[in-house]
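Below you'll find the structure, written out as structure tokens, and then a few comments.
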């Protein structure tokens, strides 16, 4: 990844993680006292249109700061983090989770991205890693409590996708050396997905930004030993060597980038590129490698412009270019 592109992504994120409005809340009100002002209720993650996009905007900045320590935006990132990651602000974010009405807050997408941010700060040796840890611990506890109750995985191509959350949570578990969490993630992945065969890939849906098929495959690749994953993957996508399912390997077409839901499809192209690259590396698939390059080319130039995409797409572009680790 070129430093100039990393700096461009960082400038995009710096421009929206502290932008108050427009804002889309995931907030349940039980009375007048629950009136919502984003910056008051979420003193760190109030920007970027919604809470989870703000979290992964901070993740983007943390990763760029780690990979390019002498980058042009390093000083601005450091100043932002020093202001954002204070004990009081982290405690306010954590205390929000204590509300009974917040039980389903950002489940599981925001949970997973918060853990990705925490792991990135830890790997980068950031002075803010320990400060954020109480919030990370709260979301780990939520994962541990929720996973046994989730009888069936959510296979949607949007925020509720279970497999995507497993992949990001696994990254945190590896960095934190949390073998109990990783074991739980792997156990549930086997229970949900081990019997899946010959994926039809009836995708994309019109508002997808994740591929249900590729997210499932990526979760299994992350969580299973290689000798267990290889036969599972061969049975899961048995016609891949012949370029099937074609719909899975063809970049999505985006008709209107000012429509927030249709703009999701740019994210689909980027997240598919990320998953395909990772799976190609694990399996040696030239078909996936070629498809990944076509998906990346279709979307890498669309990360800025209309705010409906700009507030989040650069994070997915960085994920496509650098991977989950």
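Residue numbers (this note's numbering): 784 to 1108. In this text, a Cβ means the ideal position worked out from N, Cα and C, and glycines have one as well. As the structure is a prediction and not an experimental result, all values here were calculated from the model.
Over what stretch of residues does the alpha helix (DSSP H) that includes residue i continue unbroken?
i, result
"residue 995", "995-1006"
"residue 957", "945-958"
"residue 916", "912-929"
"residue 876", "870-879"
"residue 962", "962-976"
"residue 1078", "1069-1082"
"residue 832", "Where residue 832 is concerned, there is no enclosing alpha helix (DSSP H), given that its DSSP letter is neither H nor E."
"residue 1047", "1047-1066"
"residue 1025", "It is not in any alpha helix (DSSP H) - residue 1025 carries neither H nor E in the DSSP assignment."
"residue 896", "892-906"
"residue 1017", "1009-1019"
"residue 1093", "1090-1093"
"residue 1098", "1096-1105"
"residue 788", "786-797"
"residue 821", "821-824"
"residue 862", "857-867"
Anyone know if the C-beta pair for residue i and residue j falls short of 8 Å?
i, j, result
"residue 802", "residue 836", "no"
"residue 856", "residue 793", "yes"
"residue 907", "residue 834", "no"
"residue 1006", "residue 953", "yes"
"residue 1043", "residue 998", "no"
"residue 1002", "residue 950", "yes"
"residue 799", "residue 868", "no"
"residue 900", "residue 841", "yes"
"residue 1021", "residue 1074", "no"
"residue 1062", "residue 1054", "no"
"residue 1057", "residue 1103", "yes"
"residue 1070", "residue 1026", "yes"
"residue 994", "residue 940", "yes"
"residue 984", "residue 996", "yes"
"residue 1030", "residue 1076", "no"
"residue 1066", "residue 1019", "no"
"residue 860", "residue 846", "no"
"residue 918", "residue 889", "no"
"residue 1127", "residue 786", "Only positions 784 to 1108 of the chain appear in the structure, and residue 1127 is not among them; the question remains open."
"residue 1078", "residue 1028", "no"
Let me check understanding here. Comparing Cα to Cα, which of the options lies closest to residue i?
i, options, result
"residue 948", "959, 962, 971", "971"
"residue 1086", "929, 1073, 1052", "1052"
"residue 806", "824, 795, 789", "824"
"residue 961", "1083, 898, 1016", "898"
"residue 885", "812, 842, 866", "812"
"residue 943", "992, 958, 1045, 964", "992"
"residue 1095", "1013, 1066, 1050, 1105", "1050"
"residue 795", "917, 958, 843", "843"
"residue 791", "876, 891, 1093, 1016", "1093"
"residue 926", "915, 1011, 945, 914", "945"
"residue 929", "829, 887, 1012", "887"
"residue 804", "821, 815, 788, 816", "821"
"residue 916", "891, 959, 1018, 986", "959"
"residue 932", "968, 870, 1084, 846", "968"
"residue 1048", "1099, 863, 977", "1099"
"residue 909", "858, 895, 864", "864"
"residue 964", "977, 922, 847", "922"
"residue 989", "1059, 853, 975, 1039", "1039"
"residue 936", "975, 983, 996", "975"
"residue 895", "914, 1004, 956, 882", "956"
"residue 1046", "1012, 870, 1089", "1089"
"residue 871", "827, 838, 883", "827"
"residue 784", "810, 818, 854, 815", "854"
"residue 882", "1064, 973, 816", "816"
"residue 1060", "1041, 1037, 1004", "1004"
"residue 924", "1108, 880, 810", "880"
"residue 934", "914, 966, 973", "973"
"residue 938", "866, 891, 1084", "891"
Could you check whether the Cβ of residue i sits closer than 7 Å to any heavy atom belonging to the ligand GDP?
i, result
"residue 942", "In terms of ligand content, the structure shown is empty, and the ligand GDP therefore cannot be addressed."
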